[in-house]
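2 protein chains.
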Amino acid sequence: MLGNLSGLLDKGAQLAQTKGFDPAVLVGAHLAPDMFALGRQVQVACELARNSVARLTGQAPAPAQEPGQTVEELKGTIAATIDYLHGIAAATFEGADTRDIEIQLPNDRVARMTGARYLRDWALPHFYFHVVTAYDILRHNGVEIGKPNYMAHIADAIQPRGQ
Amino acid sequence: MLGNLSGLLDKGAQLAQTKGFDPAVLVGAHLAPDMFALGRQVQVACELARNSVARLTGQAPAPAQEPGQTVEELKGTIAATIDYLHGIAAATFEGADTRDIEIQLPNDRVARMTGARYLRDWALPHFYFHVVTAYDILRHNGVEIGKPNYMAHIADAIQPRGQ
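Here the protein sequences come in this chain order: D and X. For the first sequence, our numbering gives the first residue as 322, with consecutive numbering after it. For the second sequence, our numbering gives the first residue as 322, with consecutive numbering after it.
Right under this line is the structure:
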């Protein structure tokens, strides 16, 4: 999904070039004035991917970073996140489903759940929230993207019928 | 997530009542003129939930339906989908991870994958796409919702710190 997100940003940069506007305008675009802009959506998607894996494998979550200001910076953050994820050996997840996960929340609250619930009920819905909202911001701003871009990871499973 | 979606629609109906507009305007709202409107986003989220379970348990997927025209109709579709999902016994999923899944696509194409890949790479990204886009349409139209509404299913795991 992070790879697809990088491809969506490319399509945004393409539109900016065709229409002759600064692609950083897209990075600062919102669907509502009190929602995160595209740049922060991408940044948080990357943080969630990284932190979910950290928590499930018993490491401390990484500190939050300021989001990139340009499409290139955002793509760099995505690439670094994918590299980090590829570096985690599958065996590191052993026992993750029963691990106790604790998430510090604002207003002196804490969320506690098992690793299995954390993956299904916290990490995935949050991660997809930011990936899809990034898509929606781009789409709302006229970037020519569709489900094949959002679902680029599935291309190898699609064939002509009868084969 | 479908329960949360129903709650998001309630918040939309609430805004319509406060501001004195027809809630069906929200049902027909788009983020882009060639994207599905809210009603279709909700309908497709329900179809995906139902059909993913059908495919993973070896049943024929249900035929597509016309989306509801009102918030009440959409909430009815969500409630019926949740009922359907609750009616599927866990044991029905036995062997689903290695089941061969085939999805007919437009332009004489077909996608083929195992059940495990289908769940992770097809069902979940598609399902979340439509749930989050429904959220984004409502949010873009000024409905007062936030992450606690989108993540309502996690409320029972949140406590004051120190308990």
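Each residue gets a CB set at the ideal place from its N, CA and C atoms; glycine is no exception.
Q) What are the start and end residues of the alpha helix (DSSP H) that includes residue 469/X? A) Within the second sequence, the letter at position 148 stands for residue 469/X. Residues 468 to 471.
Q. Are the region 434 to 445 of chain D and the region 333 to 342 of chain X in contact at 8 Å, needing three or more beta carbon pairs?
A. no
(Q) If you reduce the DSSP assignment to three classes, tell me which class residue 404/X lands in. (A) Walking along the second sequence from the start, residue 404/X turns up at place 83. In this structure, residue 404/X counts as helix in the three-state DSSP scheme.
Q) Any C-beta of chain X sitting closer than 8 Å to the C-beta of residue 454/D? A) As a position in the first sequence, residue 454/D is number 133, starting the count at 1. Residue 454/D counts as touching chain X.
(Q) With the cut-off set at 8 Å, would you say residue 429/D and residue 481/X are in Cβ contact? (A) Here residue 429/D refers to the residue found at position 108 when the first sequence is read from its first residue. Here residue 481/X refers to the residue found at position 160 when the second sequence is read from its first residue. In this structure, residue 481/X lies closer than 8 Å to residue 429/D by Cβ.
(Q) My assumption, with CB atoms under 8 Å, is that residue 435/D sits in contact with residue 418/D. Please give the rounded CB distance. (A) Taking the first residue of the first sequence as position 1, residue 435/D is located at position 114. Taking the first residue of the first sequence as position 1, residue 418/D is located at position 97. Going by Cβ atoms, the distance from residue 435/D to residue 418/D rounds to 7 Å, so yes, they are a contact pair.
Q: Report the residue from 377/D, 371/D and 459/D whose alpha carbon sits nearest the alpha carbon of residue 437/D.
A: In the first sequence, counting from the first residue as 1, residue 437/D sits at position 116. It is 377/D.
Q: Would you list, in chain order, the members of the region 400 to 428 of chain D that have their beta-carbon closer than 8 Å to a beta-carbon of chain X?
A: Of all residues in the region 400 to 428 of chain D, 425 and 426 have a Cβ within less than 8 Å of some Cβ in chain X.
Q | Cβ-based neighbour list, residue 329/D, same chain, cut-off 8 Å, excluding 5 preceding and 5 following | A | For the purposes of this step, residue 329/D is identified with residue 8 of the first sequence, where counting begins at 1. Only 455, 456, 459, 464, 466, 470 and 471 meet the Cβ criterion.
(Q) Which same chain residues end up closer than 7 Å to residue 334/X when comparing Cβ atoms and leaving out the 5 residues on each side of it in sequence? (A) The residue you call residue 334/X lines up with position 13 of the second sequence. Result list for residue 334/X: 344 and 392, in chain order.
Q. What is the residue span of the beta strand (DSSP E) that residue 430/X lies within?
A. Within the second sequence, residue 430/X is the residue found at index 109, counting from 1. Counted as a single uninterrupted DSSP element, the beta strand (DSSP E) harbouring residue 430/X occupies residues 430 to 435.
Q) Which value, in whole angstroms, describes the spacing of the CA atoms of residue 453/X and residue 475/D? A) Taking the second sequence and counting its residues from 1, the one referred to as residue 453/X is at position 132. Taking the first sequence and counting its residues from 1, the one referred to as residue 475/D is at position 154. Going by the C-alpha atoms only, they are around 20 Å apart.
Q: Report all residues from its chain with a CB closer than 7 Å to the CB of residue 396/X; omit the five preceding and five following residues, and keep chain order.
A: As a working note, residue 396/X is residue 75 in the second sequence. 327 and 330.
Q) Using the C-alpha atoms, what's the distance from residue 380/X back to residue 356/X? A) Translated into the one-based positions of the second sequence, residue 356/X becomes position 35. Translated into the one-based positions of the second sequence, residue 380/X becomes position 59. Cα to Cα, the separation comes out at about 30 Å.
Q. Using the rule of at least 16 other Cβ atoms within 10 Å of the residue's Cβ for burial, across every protein chain shown, is residue 415/D buried or exposed?
A. To locate residue 415/D, count along the first sequence from 1; it is residue 94. Note on residue 415/D: under 16 other CB atoms within 10 angstroms of its CB, so exposed under the neighbour-count rule.
Q: Run down chain D in chain order and give the residues with a C-beta less than 8 Å from the C-beta of residue 336/X.
A: Position 15 of the second sequence holds residue 336/X. For residue 336/X, none of the residues of chain D pass the 8 Å Cβ criterion, the least Cβ distance being about 13 Å.
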